[in-house]
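Visitor: With the numbering used here applied, the sequence shown corresponds to residues 30 to 437, in that order.
Glycine residues also receive a C-beta, built at the ideal position from the N, C-alpha and C atoms.
Structure in structure tokens, see below.
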Amino acid sequence: MGSHETGNVNEKDKIRGTMSCDEILKLLQHHGCTDVTKRLDLGQCVQDPVSYGGFGDVYTGTLYDRLNVAMKCLRVTTQANGVETRSHLKRAAHEVYVWSKCKHSNVLELVGVAQYRSRIVMVSPWMKQGNLVTFLSKNPDVDKYAICAQVAEGVAHLHGHGIIHGDIKGSNILMSDNGIPKLTDFGSAQIDWCTLEFTGSTKVQTTMSFSAPEILKTRGNLKLTTATDVYSLGMTVLEAITGSTPYSDYEGMVPTGKIIEGLKPARPKKYLPKNYKQANVIWGLLTHCWELEPENRPSATEVAGAGPEEFQDFSTSGSEHESNNESEFGVPGQAFDTPRNSPIKKRGRPLGSKNKPKLPQREGPQEEGLEENANNMDMGQGGTVPESSTRRGPGRPLGVKNKLKNPT
């Protein structure tokens with residue numbers, strides 16, 4: 030665990046649902062959040078949202094230093110008598126506070142918080158490449174495994190600083206212009222240390238097809254853990270590989286009852302063929318993330334740093350093993366037999382072949398420490414990955430030495 034803020038929370042450090050926007054902004058600023066209200070060029074801020082989500086809207090704007098930004102604000106709710114509630118202000122404040130503690134190259138930067146139209150808005154750089162799902166659909170030849178490894182690094186960083194994301198999925202990962210994935214949407218996040226208290230409690234809001242069985246079983250009333258994040262991380266990797274939402278092969282609603290009992294997604298043989306060694310390694314890693322018992326799942330650090338040698342032990346004999354355990358839609362027994370406490374020895378093994386376009390460089394030095402922003406929303410149009418780019422820094426591959434070829 031990294032070094033955290035410390036201090037006792039007193040009455041003046043509590044944010045309540047009855048507080049005004051000004052009162053909340055002052056408290057947030059006192060606890061390390063940057064107020065950028067005066068830096069907004071209001072003449073360049075759009076009047077109508079450019080994206081909509083389940084709980085919020087996103088506007089585009091520009092700061093006086095010419096930085097193009099996204100401004101996310103939670104949607105206002107009204108009471109039966111038509112009077113607006115202030116609960117959205119507290120929810121926004123919680124998201125801002127947690128997000129402000131997350132500083133990593135694979136986490137979207139929070140530029141600051143501002144007051145816009147009497148609401149709290151979260152200001153972040155405008156990500157015109159859109160989310161991970163959109164980006165991969167428009168750039169099918171990029172090294173998706175290396176991108177997923179960086180996502181895992183971002184998750185591992187959060188966990189190392191006492192933060193649970195709570196809603197990991199492709200649409201909550203935005204892509205920078207040079208192809209770097211950025212975790213975003215901290216509306217469901219939980220933090221195990223806090224110098225600012227939020228009164229009341231908020232039910233966990235997760236996405237069903239990415240949620241761990243224990244979350245589905247309690248209907249979102251269970252405390253999130255690093256293990257629930259790892260389960261969602263595995264589903265996100267699967268989504269990146271296939272381009273489809275988990276369980277999309279089921280018609281209608283997600284089969285939550287079967288997932289609670291241990292159902293796992295079917296192996297996508299088109300993308301992970303059984304007779305290919307590295308495909309078995311990847312599938313073993315994913316099924317390990319989806320273990321029914323949370324304590325049997327790997328950590329995000331292990332996912333980010335896993336190499337072929339470490340995972341071959343439980344991807345033994347590939348197709349033969351699976352032919353005895355896998356049904357059409359996957360069953361509880363389809364997971365590979367994973368030895369517990371197996372050491373993770375190496376990190377930094379390349380994921381793509383020599384002829385594959387190299388992953389872009391990581392962005393500049395990062396500070397140690399630590400819905401829908403462009404959150405659950407598609408934040409822009411197209412874009413391509415620069416042709417001449419190289420990966421550097423603490424790369425954490427997912428465990429394939431050579432690029433997997435999609436069978437035709």
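Whose CA, out of 268, 66, 128 and 275, lies closest to the CA of residue 292?
Guide: Sorting 268, 66, 128 and 275 by C-alpha distance to the C-alpha of residue 292 places 275 at the top.
Visitor: So, are the CB atoms of residue 312 and residue 301 less than 9 Å apart?
Guide: yes
Visitor: Closest by CA to residue 251, which one among 282, 279, 294 and 193?
Guide: 193
Visitor: Where does residue 247 land, buried or exposed, given buried means 16+ other C-beta within 10 angstroms?
Guide: exposed
Visitor: Going along the chain, which unbroken runs of the alpha helix (DSSP H) with 4 or more residues stay wholly within the segment 246-284?
Guide: 255-271
Visitor: Would you kindly report the start and end of the unbroken beta strand (DSSP E) that includes residue 141?
Guide: 141-145
Visitor: Which of helix, strand or coil does DSSP assign to residue 99?
Guide: It is a strand residue.
Visitor: What's the call for residue 290, buried or exposed, on a 16-neighbour Cβ count within 10 Å?
Guide: exposed
Visitor: Taking only three categories from DSSP, how would you classify residue 43?
Guide: strand
Visitor: Whole alpha helix (DSSP H) runs in the segment 119-206 with 4 or more residues, listed along the chain?
Guide: Taking only runs of at least 4 residues, the alpha helix (DSSP H) segments lying wholly in the segment 119-206 are 161-167 and 173-189.
Visitor: Kindly indicate the opening and closing residues of the beta strand (DSSP E) around residue 212.
Guide: 210-212
Visitor: Can you find at least 3 beta carbon pairs, one from the segment 73-82 and one from the segment 116-128, that sit closer than 8 Å?
Guide: no
Visitor: Please name the residue in 255, 309 and 50 whose C-alpha comes closest to that of residue 329.
Guide: Ranking the options by Cα distance to residue 329, first place goes to 255.
Visitor: Return the chain-ordered list of same chain residues with a C-beta closer than 7 Å to the C-beta of residue 138, the five sequence neighbours on each side being excluded.
Guide: 153 and 154
Visitor: Quick one: what's got a C-beta closer than 6 Å to residue 238's C-beta in the same chain, skipping five residues either side?
Guide: 274, 275, 276 and 283
Visitor: My output table needs one value for residue 61: the three-state DSSP class, helix, strand or coil.
Guide: coil
Visitor: Mark residue 182 as exposed unless 16 or more other C-beta atoms lie within 10 angstroms of its C-beta, in which case mark it buried.
Guide: buried
Visitor: For residue 271 versus residue 145, is the C-beta spacing smaller than 9 Å?
Guide: no
Visitor: Rounding to the nearest angstrom, what Cα-Cα distance links residue 102 and residue 305 in this structure?
Guide: Rounded to the nearest angstrom, the two C-alpha atoms are 46 Å apart.
Visitor: DSSP state of residue 310, grouped into three classes?
Guide: Helix, per DSSP.
Visitor: From the DSSP secondary-structure annotation, give me the bridge partner or partners of residue 75.
Guide: Bridge partners of residue 75: none, in fact.
Visitor: Compute the Euclidean distance between the alpha carbons of residue 236 and residue 55, then round it to the nearest angstrom.
Guide: 32 Å
Visitor: Enumerate in chain order the residues of its own chain whose CB-to-CB distance from residue 327 is below 7 Å, with the five nearest sequence positions on each side excluded.
Guide: 259, 317 and 318
Visitor: Drop a sphere of 10 angstroms on the beta-carbon of residue 438, count the other beta-carbons inside from all chains shown, and report buried for 16 or more, exposed for fewer.
Guide: No information on residue 438 is available, as it lies outside the stretch 30 to 437 that the chain covers here.
Visitor: Just the C-alpha distance for residue 268 and residue 212, rounded to the nearest angstrom, thanks.
Guide: 15 Å
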